[in-house]
Amino acid sequence: MRPTFRKHLLAIVTTSALALPLATPAFAHCDAMDGPVISEAQAALAAGDITPLLKWVPAADEAALSDAFDKTLEVRQLGDDARELADRQFFATLVEIHRASEGAPFTGIKPAGEIDPAVAAADAALESGSIDELLARISAKFEQTAREQFEATLGGRQAADDSVAAGRDYVEHYVQYVHYLEDAHNAIAGKASAHDH
Numbered sequence: 265m266r267p268t269f270r271k272h273l274l275a276i277v278t279t280s281a282l283a284l285p286l287a288t289p290a291f292a293h294c295d296a297m298d299g300p301v302i303s304e305a306q307a308a309l310a311a312g313d314i315t316p317l318l319k320w321v322p323a324a325d326e327a328a329l330s331d332a333f334d335k336t337l338e339v340r341q342l343g344d345d346a347r348e349l350a351d352r353q354f355f356a357t358l359v360e361i362h363r364a365s366e367g368a369p370f371t372g373i374k375p376a377g378e379i380d381p382a383v384a385a386a387d388a389a390l391e392s393g394s395i396d397e398l399l400a401r402i403s404a405k406f407e408q409t410a411r412e413q414f415e416a417t418l419g420g421r422q423a424a425d426d427s428v429a430a431g432r433d434y435v436e437h438y439v440q441y442v443h444y445l446e447d448a449h450n451a452i453a454g455k456a457s458a459h460d461h
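Numbering (the numbering used here), first residue to last: 265 to 461.
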């Protein structure tokens, strides 16, 4: 594969794999117990310092979050059960404010372990300080899937006129193949895919 083509492919694949999931509410992870917002909130409560959390909320909501933080610290001193309830309420308040700033609804706190693998991999790359392994995996998977769909579609095309059933098989492969590449292209171009033909 030519180096220039590989760079373009890598850009398309990276955007497809990372930008689309992050833009889709179903893949949100700021509301997960093991997501970055709540993980940082747990550390902030343990340290008694709200400062690291302020980046997750707009300046206009800083006072409301600070008030909730101070009340949470007070209630936490009443025992383990009170701490657990106060923490959960504070997490909900923080995430609700954060989600509202993104124009997204708050649908509750999600349990740990449900973060989409693509999002978890993106976060892991940030933690490790290198995206090379993630990009290599994404690129390899994209190339494998695109080639498989291409080969199946090409084979179906060559037999499409043999019978109506063969033609329908070709069309099924064709639609999947085109939509897969369309989604990748539209992701890099910053457009939503309509799957129009």
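Even glycine gets a Cβ: it sits at the ideal position worked out from N, Cα and C.
The structure presented is a predicted model; accordingly, all values stated were derived computationally and were not measured.
Which of helix, strand or coil DSSP assigns to residue i
i	result
residue 364	helix
residue 433	helix
residue 419	helix
residue 329	helix
residue 290	Because residue 290 carries a pLDDT of 40, less than 50, the predicted location of this residue cannot be relied on, and no value is offered for it.
residue 441	helix
residue 314	coil
residue 321	coil
residue 342	coil
residue 386	helix
residue 451	helix
Residue i burial status per 10 Å Cβ neighbour count (16 or more: buried)
i	result
residue 454	exposed
residue 310	exposed
residue 299	buried
residue 345	exposed
residue 323	exposed
residue 305	buried
residue 411	exposed
Test item: CB-CB of residue i and residue j under 8 Å
i	j	result
residue 413	residue 441	yes
residue 376	residue 296	yes
residue 373	residue 384	no
residue 417	residue 444	no
residue 434	residue 424	yes
residue 339	residue 320	no
When the options are compared against residue i, the one with the closest alpha-carbon
i	options	result
residue 317	362, 404 and 375	362
residue 367	359, 373 and 374	359
residue 351	336, 364, 443 and 294	336
residue 330	407, 312, 450 and 402	312
residue 370	450, 452, 294 and 451	294
Near the ligand ADP: residue i beta-carbon under 7 Å from a heavy atom
i	result
residue 323	The ligand ADP is not among the ligands present in this structure, which contains no ligands whatsoever.
Residues that DSSP places opposite residue i in a beta bridge
i	result
residue 374	296
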